[in-house]
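First up is the structure itself, then whatever we jot down about it.
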Amino acid sequence: MYRLSTDVGGTFTDGILLDEDTGAIKVSKVSSTPKNPAIGTIQCMERFEIPLSEVSFLVHGTTVVINALIEGKGAKTALITTKGFRDVLEIGRSNRTEMYDALYKKPRPLVPRYLRLEVRERIGSDSKVLIPLEIGDLVQIIEQMRKKKVESIAVCLINAYANPKHEQEIGRLLDERYPEATVSLSHNITRRYYEYERTSTTVQNAYVMPVVHKYVRCLEEELMKRRFQSVLQIMQSNGGIMKSAVAREMPISMVESGPVAGAIGGAQLASMIGYNNVITYDMGGTTAKTSIIREGLPETADQYLVERRPILLPVVDIREIGAGGGSIAWIDEAGALHVGPQSAGAEPGPACYMQGGLEPTVTDADLQLGILDPDYFLGGEKDISPELARKSMEKVARYFDISVDEAALGIIKIVNNNMSGLLQSMTVKRGYDPRDFAMVAFGGAGPTHAVAIAKELNIPVVIVPPFPGVFSAWGMLMADLRHDFSQTYIKLMSDVDTERINRIFSDLERRVKELFEHENMRDENIGMTYQMGLRYYGQEHTLTVSAPSKLRDADKGMLEKSFDKLHLKVYGHNAPEELKEIVSFKVIGIGKVRKPVLQTIGPGGKTPASESKLGKRKVYLGNGRYQEFSIYQRNKLRAKNSIPGPVIIEEPTSTTVVEQHQICSVDQYGNLIITLDEERR
4 MYRLSTDVGG
14 TFTDGILLDE
24 DTGAIKVSKV
34 SSTPKNPAIG
44 TIQCMERFEI
54 PLSEVSFLVH
64 GTTVVINALI
74 EGKGAKTALI
84 TTKGFRDVLE
94 IGRSNRTEMY
104 DALYKKPRPL
114 VPRYLRLEVR
124 ERIGSDSKVL
134 IPLEIGDLVQ
144 IIEQMRKKKV
154 ESIAVCLINA
164 YANPKHEQEI
174 GRLLDERYPE
184 ATVSLSHNIT
194 RRYYEYERTS
204 TTVQNAYVMP
214 VVHKYVRCLE
224 EELMKRRFQS
234 VLQIMQSNGG
244 IMKSAVAREM
254 PISMVESGPV
264 AGAIGGAQLA
274 SMIGYNNVIT
284 YDMGGTTAKT
294 SIIREGLPET
304 ADQYLVERRP
314 ILLPVVDIRE
324 IGAGGGSIAW
334 IDEAGALHVG
344 PQSAGAEPGP
354 ACYMQGGLEP
364 TVTDADLQLG
374 ILDPDYFLGG
384 EKDISPELAR
394 KSMEKVARYF
404 DISVDEAALG
414 IIKIVNNNMS
424 GLLQSMTVKR
434 GYDPRDFAMV
444 AFGGAGPTHA
454 VAIAKELNIP
464 VVIVPPFPGV
474 FSAWGMLMAD
484 LRHDFSQTYI
494 KLMSDVDTER
504 INRIFSDLER
514 RVKELFEHEN
524 MRDENIGMTY
534 QMGLRYYGQE
544 HTLTVSAPSK
554 LRDADKGMLE
564 KSFDKLHLKV
574 YGHNAPEELK
584 EIVSFKVIGI
594 GKVRKPVLQT
604 IGPGGKTPAS
614 ESKLGKRKVY
624 LGNGRYQEFS
634 IYQRNKLRAK
644 NSIPGPVIIE
654 EPTSTTVVEQ
664 HQICSVDQYG
674 NLIITLDEER
684 R
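Sequential numbering of the sequence shown, starting at 4, is according to this note's numbering.
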């Protein structure tokens, strides 16, 4: 039997096939099909030439949710909310993401005002019903929505996080009287307060739900035609996976589905080879993404922004910019050269793809400089044209009155600088020293640019895993089933009894177990983590501390001490004598799945075998200077091989660059470990 994962990106769709009996891995990479991503996914699977009836485990990551949100191509959505709160979605918060942008505009609400509909009801923050739900209002609202041909409905009532009774009543009535529309109830998505963020999250979930229903249905139908008999799993933004049936109801949890898998894979790989603190660097065809792994765990956030709209759900903390192989170089009105965020994508792609693209891209620049081999792109499966790459560079060269090579080098320097800034924002600006981290570089273009960025930030080691161009797909095979449930409950620690705390944890645990039962997860494979959000009385924001599953009275003092200690670590001060306030409870359920074991490769000597060397190639370094790089074929390298730079290591899914004064060694698992020279850093 086999385990299979597929990752749909903006330019390519990647696949990993693992033979459960032998541990052997095969990879597949095809161009994405933006008009119908499911087609590219099936094409990717068909490359493996195995019957899908022999696949026991299938994980899928997709950009369909984030694309629908960014491009504004979701469903016609209505919002039902408490009377007086229809404009919460538009008012938002007074803070702005670009403080000094004089032309800043708030994001446009995904639901126009005429579809933000109010119902008379009111529940207090203490969960008591203050005004009963007026069913007559709801009947009229349903008729309005039917006339407006609403496809999806978000229901978000004030204080529903404390008591979902009215939302549940609305949900039942919508199921009876408007079954043709999909429905998102806020209490099923998040039970945290923050009214704007909760409303925004519910609306975005509703907005993409019909899109995801159609996408998943189409994919599952294609799988069934090919006799796939197992369950389709979907990658989540929180670093776990879930059944496709759960994903249909919570599509917003898929927003960073593919990129997060790379972070999970990076964390797992780094821990296996002895690196606990790493920066993951994923450069694909459209974007570059980075995350921080500390003590073997990816850093997470409780809130995320897509197009400046908040999503109040846990997510692996990933930052990304429009800097990929397909990123387009352009000149602004002031005559300055920029790279990205616009991308040539899969269609038409970079100019060198010979698919009609005319604009210069990062891939064209790498080809022009001599970094890429035109005869070995995607292992020789895809023809690319050096002539068209050069032609696309000529407009930049003419504008600045420089050579085509200098134009290409300028593009690469700009994109590398953009990515260095991205990594700085995740490390230096958070108080981390990049010298304390290794970098795990992957994605089709990641290993090509990694050492230049690492050198800029003084990162001492770069790790390039096997099959880096499809590494996010590998990360999906390393992910467990995961479900997070939170509950806002604001009370002074001194005023709440442990019985009440245990009831809240028990309810959250029950909800997690219900999903695992639906996913046929055995109890012995389920692990639970319990957390509480605490703050000093009078503060706004909280810090999260771990809690036992069953709290005793004596544990309250332990939790307060843990909070004081954490506050001192994060902010440099604490106030142990101040009252502590509970704000939220959280239960994280992990359903363990069997993971692939890293396969070792055969040992070799310090010097690589002669058949691994393909020759030499000149690479342009600037100021009219070229340097010869030795070219090696990665699949011919063996453990313990050590290669001094300048070197280019080629493989079907990526190209790794090792500069002069750097050493590339191969470990027992086939990872490339690139050490930067201490004196040069």
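We put the beta carbon where it would ideally sit given N, CA and C, even for glycine.
From Ile295, Arg123, Phe88, Arg506, residue whose alpha carbon lies closest to that of Ser428
Considering only alpha carbons, the answer is Ile295.
Please state if the CB of Ile83 and the CB of Val158 are separated by a distance shorter than 7 Å.
yes
Look up Tyr635 in the DSSP assignment and give the residues it is bridged to.
Lys616, Ile652
Would you say Ala248 touches the ligand FMN, meaning its beta carbon is less than 6 Å from a heavy atom?
Of ligands this structure carries none, so the ligand FMN is not represented either.
Is Ala339 buried or exposed, if buried means 16 or more other CB atoms sit within 10 Å of its CB?
Exposed.
Helix, strand or coil: which one does DSSP assign to Ala81?
Strand.
Rounded separation between Phe632 and Ile651 - CA only
Roughly 6 Å separates the two Cα atoms.
Give me, in chain order, the residues of the same chain whose beta-carbon lies closer than 6 Å to that of Lys79; leave out the 5 immediate sequence neighbours on both sides.
Val153, Glu154
What span of residues does the alpha helix (DSSP H) with Pro262 cover, start to end?
Secondary structure note for Pro262: its alpha helix (DSSP H) is the uninterrupted segment 260-275.
Evaluate Tyr492 with the Cβ neighbour count: other Cβ atoms within 10 Å of its Cβ, from every protein chain shown; 16 or more gives buried, anything less gives exposed.
buried
Taking only three categories from DSSP, how would you classify Pro40?
helix
Can you tell me which residues form a DSSP beta bridge with His341?
Trp333
First and last residue of the uninterrupted beta strand (DSSP E) at Met496:
Premise fails: Met496 is in no beta strand (DSSP E) and is neither H nor E.
Cβ of Tyr539 within 7 Å of Cβ of Phe508?
no
Go ahead and label Val142 buried or exposed: buried means 16 or more other beta carbons lie within 10 angstroms of its beta carbon, across all protein chains shown.
exposed
From the DSSP output, in three-state form, read off Val318 for me.
strand
Indicate whether Gly343 and Gly352 have their beta-carbon atoms separated by less than 7 Å.
no
Range covered by the beta strand (DSSP E) that runs through Ser187:
185-188
If we call anything under 7 Å between Cβ atoms a contact, is Leu425 one with Ile324?
By the CB criterion at 7 Å, Leu425 and Ile324 fall inside the cutoff.
Rounded straight-line distance, which links the Cα of Arg175 to that of Arg201
21 Å
When you compare only the Cα positions, how much space is there between Arg683 and Leu381?
Interpretation of Arg683 is limited by its pLDDT of 45, a score under 50 that renders its predicted location unreliable; no figure is taken from the coordinates.
Check the DSSP bridge columns for Phe566 and list the partner residues they point to.
Among the bridge pairs identified by DSSP, Phe566 is matched with none.
By the DSSP assignment, the beta strand (DSSP E) with Tyr435 in it spans what residues?
No beta strand (DSSP E) contains Tyr435, which DSSP labels as neither H nor E.
Nearest-angstrom Cα separation, counted from Ala482 out to Gly277:
19 Å
If you check the beta carbons only, do Phe588 and Gln490 fall under 7 Å apart?
Yes, these two residues count as a Cβ contact at 7 Å.
Coarse secondary structure for Phe403, derived from DSSP in three states
helix
Please classify Phe519 as buried or exposed, where buried requires at least 16 neighbouring CB atoms within 10 angstroms.
buried
Tell me whether Lys151 sits in a helix, a strand or coil according to DSSP, three-state version.
Coil.
Are there 16 or more other CB atoms within 10 angstroms of the CB of His521, so buried, or fewer, so exposed?
exposed
With the cut-off set at 7 Å, would you say Tyr5 and Asp24 are in Cβ contact?
no
Quick check on DSSP: helix, strand or coil for His576?
coil
So what's Glu682 in DSSP terms, helix, strand or just coil?
In this prediction, Glu682 scores a pLDDT of 46, lower than 50, which makes its location untrustworthy; the coordinate-derived value is nonetheless stated afterwards. DSSP places Glu682 in coil when its eight states are reduced to three.
Give every residue of the same chain whose Cβ lies closer than 8 Å to the Cβ of Thr303, excluding the five residues on either side of it in the sequence, and list them in chain order.
The residues are Asn241, Gly242, Pro317, Val318, Val319, Asp320.
Nearest neighbour of Gln542, chosen from Glu584, Cys221, Glu224 [CA to CA]:
Checked all of Glu584, Cys221, Glu224; the closest Cα to Gln542 is Glu584.
With Met357 and Asp386 assumed to form a contact (beta carbons below 8 Å), what rounded beta-carbon distance in angstroms separates them?
Yes, they are in contact, since the Cβ atoms of Met357 and Asp386 sit about 7 Å apart, within 8 Å.
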